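Colleague: Residue numbers (the working numbering), protein chains in the order written: chain A, 899 to 1139; chain B, 28 to 456; chain C, 7 to 247.
Take this structure, written in structure tokens, and hold onto it; I'll ask about it next.
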Amino acid sequence: MEYVSPEGLRLDGRRPMEMRQLRAELGAVSRADGSAVFEMGNTKVIAAVYGPREVQNRSQQINDKALIRCEYTMANFSTGDRMRKPKGDRRSTEISLVIRQTMEACIMTHLMPRSQIDIFVQVLQADGGTRSACINAATLALADAGIPMCDLVTSCSAGYLNSTPLLDLNYVEDSAGGPDVTVGILPKLDKVTLLQMDAKLPMDIFENVMQLATEGCKAVANYIREVLLENTKQLENRRGV
Amino acid sequence: MEHKLANSLIMTVNEKKFIESALLSDIRVDGRRPFDYRNLTIRFGSEDGSAEVQLGQTQVLGFVTGQLSQPYRDRPNEGSFAIYTEFSPMADPSFEPGRPGETAIELGRIVDRGLRESRAVDTESLCVIAGKLVWSIRIDLHIIDNGGNLVDAANIAALAALSTFRRPECTLGGEDGQELIVHPPDEREPLSLILHHFPVAVTFGFIGKENTVVIDPTHYEEAVMGGSMTATLNINGDVCAIQKAGGDAVSQTVIMQCLRIASVKAGDITSKIKDAVESYNTQRSLRKIKRHNPDQQGSSSDVAKRHMERLTVGSDQSGIASQFNEHDKTNKRNSTLKGFSGGPASWDPYSKGVDGDALRISLASRVAPVDKQKEESSQVNPETKSNPKSSETNSIALTREVGLEKKQSKTLKDAVKPKHKRRNKSNAS
Amino acid sequence: MQPTIMEAKPSNLVDQLVVPGDVILDLSNMANQTLKLGGGLRQDGDSICVMKAGKLRFMKPNKYWVESSQKRYVPSAGDNVLGVVVDTKPENFLVDIKGPALAFLPVLSFEGGTRRNIPKFEVGTLLYVRVVSANTGMNPELSCMDANGKAAEYGILKEGYMFESSTGLARALLSSPPHPVLEGLGKKLSFEIAVGINGRFWVNASQSSTVILVGNAIQKSESLSLVQQKIYLEKLLKSIQ
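Now the structure itself:
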């Protein structure tokens, strides 16, 4: 199948290096300490953060840093074929683990010993790149909750179809069976914390695709930065400063 | 609280600091350099499709079994495979019995992704009847001892077990051409899987503030390291999968450097697996010479027909049975007795009354000694042939167990279990 | 009865290998005399039975015990052990000594210890301590002082690396004549070593490579016979030069 037309356009009309429309909204869940909705094109996820709070299960308490927990779920209506998925299947357990460890890389856990931070992310609409969207949403929600972080983790995916590196795959491109590289970076340090990839790819091409995904992450980072600045400005206005 | 403290690995401050400071002078606690891999040994059980991998102190068992089943609806002409991990609580004090934990799932997913997405296993050749019947392969990975770097060891175990696995040949026949015939292994040589390439996982740990890179971390290093990355590559230098699930951030140049090192290591490991498989196959064919003894031929097919009930693919006890015959006198007496009392001669003494799983475990636990015996027995082989007792040897030599058919003459309709549940494998992301 | 016949004859199994269930002494034909039983022995009616596999030892006039090598340690008073601090409580440090229960190290049991100068140990500190009391049903108690209230060589061990061994190896390292490998290495290299009878030893040297070499050589020597040890040592010493 042709995923990139001879004119260099993708199925949804984007250019290979073009990202989908980003949209973010802070404070979507009123009861949570921090929350955010993040959209990448048709992919839409919601994240809520509770904490730092008292550790619920005392045996899990860590004496010198905060305990981070993360739960990733997909809403039943998020995919095309609507079906009930058993809770805690292998895929979501793994993604929960990946998101947790990625967020741990940027949260200053040692500042909040003997406490617990819960991150809940749910996919509302799935159109490829849910993992990345979840990480971006979680970052925003953590920032909204005022949790100290050393940097804003952002994530983006890239693939390689019809011998063209493609940024930010949608569902159709993702399920084409080609390589799929998800990268999560700390943009200020320019270092990679999350890197997942599957399918066969020669090493030099992989480097290009990873580079492309990293550029995507930086673009996301700029957007998230703007959103946060805007939000902070509004908070200032509300306080009447 | 105290209970938990007692179970987790207790690392002293001294050890943490030492591992970091020693790394600065390019040396690790077990005497390795940062990019040395630990000693790798691969052993095979007497059955096809079982392998035991020892990587330093880490020990992983891999078992591959196959079963005929209905294909997934979205892939009607492809067989399937699934990976099951078992973190036995005996392997590490922190492993708890019960449902697989996060690490167990992650490990399974990494191995699975490396094999599946790079299409290492030719699933199309596992199709028997398109849309109706395919082979589904199950890979069981049992962690026996946790000495660190379980992912690599488990991945090697999976590859080794897959490359020695054999399934009975299936054809359609009968009067209307619709009957499924599973050929017992002594009629037609069972087929091995088609593996296009070996995706080998190589794990790196990032230790300390400088994120010093070490390959193949031990469990002490795992307790100290801030992050890890598993790169799955094949011998051609293709990247098949990468997993770096958060943790300490590293720069892209470091990642590319790791990939280059990993591709070299992957080449070494691939050739190690291939050598081990080759020597296993030579031994196997030596055993086979014995199996195709002419005076055995007639009765064995008959037997196979009758005893298809407990046929598990690829379980071939001929090796072990003959070893027992030579090495264990009492056992021999036992088995010959049974052989004469129960009509058909080729009974495995073990398949009566002992269930397959227990047998498998007991076999697994003897892998090491058996291996030695195997060498001996392969030398003894020619003598045994001329030996008057050889017919006895053969008589115990064979049993195969497969899960599905009771009788060979069963029709296809009965053979296919209705499977309403469809597992959606194409995930949305 | 007739004390003349029944002299205090030691069991004929002394210095032999015994396994659980072996009867070493039959009391029914023995005179009234006091026997002292050490680890691995028990009285069952009129006989003294073995509980652990090992070598039966006898010390005049009446002490019996079974010497065995194991990974776990059974605390007994007077032993010098290496412990790791796992938690701090107001009255005690909780210390792991590889025994069945965590041991208590009272915060005052240091030389000149008062309420004012309680030492601060972070979790994971390595200590060379003495077992003061070990009774079943209670956590063992430790001390960082010798019987005279002096610090002696007890206390915190800084830097270096702690290796695990079996209790048998630890005993061999402490025995006299000294362990051949340890003695041989000591002639060529300069390093510090502290051996805990609970199956741990700590090595420190100015160079990390020396620590690693000594530690691994000692660990490896356990599985070698005396002759093999000598050959191994010679090889090792040659490779150093």
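Yeah, the Cβ is synthetic: ideal placement off N, Cα and C, and Gly gets one too.
Since the structure is predicted, the reported quantities are computational estimates derived from the model, not experimental observations.
Which stretch, first to last residue, makes up the beta strand (DSSP E) that contains residue 1062(A)?
Modeller: Looking at the DSSP string, the run of the beta strand (DSSP E) that includes residue 1062(A) is 1062-1065.
Colleague: Rounded to whole angstroms, what's the CA-CA distance from residue 246(C) to residue 38(B)? Just pull it up for me.
Modeller: Going by the C-alpha atoms only, they are around 29 angstroms apart.
Colleague: What three-state label does DSSP hand residue 80(C) in the structure shown?
Modeller: Note: residue 80(C) maps to coil in three-state DSSP.
Colleague: Along the beta strand (DSSP E) that carries residue 950(A), what are the first and last residues, could you check?
Modeller: Run containing residue 950(A): 941-952, per the beta strand (DSSP E) assignment.
Colleague: Compile a chain-ordered list of the residues in the segment 1099-1120 of chain A whose CB is closer than 8 angstroms to at least one CB of chain B.
Modeller: Going along the segment 1099-1120 of chain A in chain order, one finds 1099, 1100, 1101, 1104, 1105, 1108, 1109 and 1112 with a Cβ nearer than 8 angstroms to chain B.
Colleague: When you check each C-beta in the segment 50-75 of chain B against every C-beta of chain C, which residues fall closer than 8 angstroms?
Modeller: So the list reads 52, 54, 55, 56, 57 and 58, given in the order they occur along the chain.
Colleague: Which runs of the alpha helix (DSSP H), 4 residues or longer, sit entirely within the segment 209-262 of chain B?
Modeller: Fully enclosed alpha helix (DSSP H) runs of 4 or longer: 246-251.
Colleague: What does the alpha-carbon distance come out to for the pair residue 1141(A) and residue 167(B)?
Modeller: Only positions 899 to 1139 of chain A appear in the structure, and residue 1141(A) is not among them; the question remains open.
Colleague: Using the C-alpha atoms, what's the distance from residue 219(B) back to residue 1015(A)?
Modeller: Rounded to the nearest angstrom, the two C-alpha atoms are 50 angstroms apart.
Colleague: Grouping DSSP H, G and I as helix and E and B as strand, with all else coil, what is residue 938(A)?
Modeller: Three-state DSSP puts residue 938(A) in a strand.
Colleague: In three-state terms, what does DSSP make of residue 179(C)?
Modeller: Three-state DSSP puts residue 179(C) in a helix.
Colleague: Using 8 angstroms as the threshold, is the segment 1098-1117 of chain A in touch with the segment 1034-1054 of chain A, meaning 3 or more CB pairs across them?
Modeller: Verdict: yes, contact present.
Colleague: Only counting the same chain, and skipping five residues up and downstream in sequence, which positions put a Cβ closer than 8 angstroms to that of residue 902(A)?
Modeller: Within the same chain, residue 902(A) has close Cβ partners 908, 914, 1059, 1060, 1062 and 1064.
Colleague: Distance, Cα to Cα, residue 159(B) vs residue 130(B)?
Modeller: Whole-angstrom Cα-Cα distance: 35 angstroms.
Colleague: What residue does the alpha helix (DSSP H) around residue 179(B) start on, and which one ends it?
Modeller: Residues 177-191.
Colleague: What does the Cβ neighbour count give for residue 3(B), buried or exposed, with the cut at 16 atoms within 10 Å?
Modeller: As displayed, chain B neither begins before 28 nor continues past 456, which places residue 3(B) out of reach and without an answer.
Colleague: Taking Cβ positions, are residue 1025(A) and residue 941(A) nearer each other than 7 angstroms?
Modeller: For residue 1025(A) and residue 941(A), yes; Cβs fall inside 7 angstroms.
Colleague: Give a yes or no on whether the minimum CB-CB distance between residue 37(B) and chain C is below 7 angstroms.
Modeller: Output row for residue 37(B): interface = yes.
Colleague: Would you say residue 954(A) reaches chain B, if we count a Cβ-Cβ gap shorter than 7 angstroms as a contact?
Modeller: Output row for residue 954(A): interface = no.
Colleague: Would you say residue 1012(A) faces chain B, with C-beta separation under 7 angstroms as the test?
Modeller: No, because no Cβ of chain B sits closer than 7 angstroms to the Cβ of residue 1012(A).
Colleague: Output yes if chain B places a C-beta closer than 7 angstroms to the C-beta of residue 90(C); else output no.
Modeller: With 7 angstroms as the cut-off, residue 90(C) counts as an interface residue toward chain B.
Colleague: Would you say residue 1021(A) and residue 990(A) are within 7 angstroms of each other, going by their C-beta atoms?
Modeller: Not in contact: residue 1021(A) and residue 990(A) (Cβ atoms no closer than 7 angstroms).
Colleague: I'd like the list of long-range same chain contacts for residue 235(B), defined as Cβ closer than 7 angstroms, with 5 residues on each side in sequence excluded.
Modeller: These residues qualify, in order along the chain: 47 and 50.
Colleague: So which of 255(B), 247(B) and 286(B) has the shortest CA-CA distance to residue 265(B)?
Modeller: Of the listed residues, the one whose Cα sits closest to residue 265(B) is 286(B).
Colleague: Label residue 53(B) either buried or exposed according to how many other C-beta atoms from any shown protein chain fall within 10 Å of its C-beta, with 16 as the threshold for buried.
Modeller: Residue 53(B) comes out exposed.
Colleague: Shortest alpha-carbon distance to residue 301(B) belongs to which of 90(B), 277(B), 223(B) and 267(B)?
Modeller: The candidate whose alpha carbon is nearest that of residue 301(B) is 223(B).
Colleague: Quick test of your reading: residue 89(B) and residue 250(B), contact by CB under 8 angstroms. State the CB separation rounded to the nearest angstrom.
Modeller: Not a contact, Cβ separation roughly 26 angstroms.
Colleague: Relative to the C-alpha of residue 243(C), which residue among 229(C), 232(C), 191(C) and 95(C) is closest?
Modeller: Cα-wise, what sits closest to residue 243(C) is 191(C).
Colleague: With a Cβ-Cβ cutoff of 7 angstroms, do residue 69(B) and residue 87(B) count as a contact?
Modeller: Contact flag unset, no.
Colleague: So, at 7 angstroms on beta carbons, what are the nonlocal neighbours of residue 970(A) in its own chain, with the 5 sequence-adjacent residues on each side left out?
Modeller: Closer than 7 angstroms at the Cβ level, and outside the excluded window around residue 970(A), lie 990, 993, 994, 997, 1019 and 1032.
Colleague: Check each residue of the segment 1066-1085 of chain A: if its Cβ is closer than 7 angstroms to any Cβ of chain B, include it; give the result in chain order.
Modeller: Here the close residues are 1069, 1072, 1073 and 1084.
Colleague: Measuring only between beta-carbons, confirm whether residue 47(B) sits less than 7 angstroms from chain A.
Modeller: Not one chain A Cβ lies under 7 angstroms of residue 47(B).
Colleague: Considering only C-alpha positions, which residue in the set 69(C), 35(C) and 41(C) is nearest to residue 2(C)?
Modeller: Residue coverage of chain C in this structure runs from 7 to 247, which leaves residue 2(C) outside it and unanswerable.
Colleague: Mind checking whether residue 239(B) and residue 176(B) have CB atoms under 7 angstroms apart?
Modeller: Their beta carbons are not under 7 angstroms apart, which means residue 239(B) does not touch residue 176(B) by this criterion.
Colleague: So which residues on chain B does residue 45(C) lean against when the C-beta distance must stay under 8 angstroms?
Modeller: Near residue 45(C) there are no residues of chain B at all, since even the closest Cβ is about 22 angstroms away, more than 8 angstroms.
Colleague: Look at the alpha carbon of residue 988(A) and the alpha carbon of residue 55(C), and state the distance between them as a whole number of angstroms.
Modeller: Approximately 53 angstroms between the Cα atoms of the pair.
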